[in-house]
Ligand code: UDP
Ligand code: MG
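In the working numbering, the protein residues as written are 489 to 803.
Next up, the structure:
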């Protein structure tokens with residue numbers, strides 16, 4: 489007998505991709521049920537992240553004709569991570585495990601069987617990992633690699649080339665629900681949960697329809713979010729930078745004194761002005777980094793709710 493599986497799919501302005509996504513996922517879910525990997529109570533749960541197009545009316549419509557389609561509508565656009573969390577927290581009441589995937593079906597649905605096999609073998613968390621990145625532009629591949637390496641060096645445990653295609657058991661979801669942080673970076677939190685984990689390799693496809701909701705600016709923001717949510721290394725770097733510059737300035741001072749006593753006048757204002765600007769810039773940069781952390785503390789202290797659910801269609 490299979491387990492109750494909920495496929496959790498965050499959607500933001502996905503009216504173009506949704507009909508095909510629902511069709512493909514329904515087919516796949518029926519196949520999983522027929523093969524005994526999932527049971528009859530399994531569902532697809534679409535989370536409308538406050539879309540401005542027809543996404544919600546589509547989900548609502550599908551939920552009437554298709555018994556496997558469920559949906560929740562968030563009251564506002566809260567971003568992919570919060571939308572995903574809203575879906576996972578809703579699904580955990582019914583599901584024995586959830587699998588999160590994107591609405592554009594870039595994540596290969598044929599890998600779902602392997603996820604469920606690993607779950608049956610006793611894994612609580614299964615990560616979908618991209619086996620290759622051929623389709624990405626050189627730039628995206630390079631920046632992504634740089635990001636993973638940098639995170640690794642900062643001591644943050646994240647799974648290489650894993651996005652948010654992952655299976656989580658109910659108890660892993662229970663554990664996740666205890667993480668109350670407002671600055672949500674699930675890829676960093678989930679590996680901290682522990683439990684038995686495994687990986688499933690798949691080839692990430694092109695977007696089905698519509699366009700990416702992660703332009704470069706958002707991608708950079710997301711990467712910074714990841715770094716500052718999981719590591720205080722940048723703060724330590726600042727202190728080290730401070731020490732290094734102080735040492736250098738002692739050397740500079742010695743040089744100035746020696747040349748003074750040897751009768752050679754300290755050369756003009758160039759050096760003074762340059763160091764003034766350089767130090768001013770470095771100080772501002774450091775203040776900025778500290779400011780980012782203070783901003784995060786500000787957000788966490790207020791502990792505002794991460795999402796509000798406006799409408800629910802569960803069946
Ligand atoms: N998404 C969301 N809220 C947002 C932005 C994106 O729920 O504010 C969803 C989107 O509908 C998709 C997933 O997050 O299902 C990943 O987004 P996208 O495919 O645009 O990102 P990419 O694959 O290009 O990195
Ligand atoms: Mg995508």
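C-beta atoms are modelled at their ideal positions from N, C-alpha and C, and glycine is treated no differently.
Reference residue 522, options 505, 504, 490, closest by Cα: 490
First and last residue of the uninterrupted beta strand (DSSP E) at residue 651: 650-657
Beta carbon of residue 619 nearer than 9 angstroms to that of residue 554: no
Residue 639, enclosing alpha helix (DSSP H) - first and last residue: Looking at the DSSP string, the run of the alpha helix (DSSP H) that includes residue 639 is 626-641.
Bridge partner(s) assigned by DSSP for residue 494: 531, 586
Three-state class that DSSP yields for residue 690 in the structure shown: strand
Coil, strand or helix - residue 508 by DSSP: helix
Alpha helix (DSSP H) segment containing residue 748, residue limits: Going by DSSP, residue 748 is part of the alpha helix (DSSP H) stretching over 721-749.
Unbroken stretches of the alpha helix (DSSP H), 4 residues or longer, contained in the stretch 522-567: 543-553
Beta-bridge pairing of residue 799 - partner residues as DSSP gives them: 561
Own chain partners of residue 686 with C-beta closer than 7 angstroms, once the 5 adjacent residues on each side are dropped: 606, 611, 614
Residue 678 (DSSP reduced to helix, strand or coil): helix
For residue 613, the first and last residue of its enclosing beta strand (DSSP E): 613-618
Proximity below 9 angstroms, CB of residue 536 to CB of residue 562: The Cβ atoms of residue 536 and residue 562 lie closer than 9 angstroms to each other.
Beta-carbon proximity of residue 556 to residue 518, cut-off 9 angstroms: Yes, the Cβ-Cβ distance between residue 556 and residue 518 is below 9 angstroms.
Local Cβ density within 10 Å of residue 678, reported as buried at 16 or more and exposed below that: buried
Residue list, Cβ distance to the ligand MG heavy atoms smaller than 6 angstroms: 590, 592, 594, 695, 700
Whole-number beta carbon distance between residue 803 and residue 558, since they are thought to touch under 8 angstroms: 6 angstroms
Reference residue 640; option with closest CA among 565, 719, 674, 703: 719
For residue 717, the first and last residue of its enclosing alpha helix (DSSP H): 704-718
When 730, 690, 734, 635 are compared against residue 831, the one with the closest alpha-carbon: A query on residue 831 cannot be resolved here, the shown segment of the chain reaching from 489 to 803 and no further.
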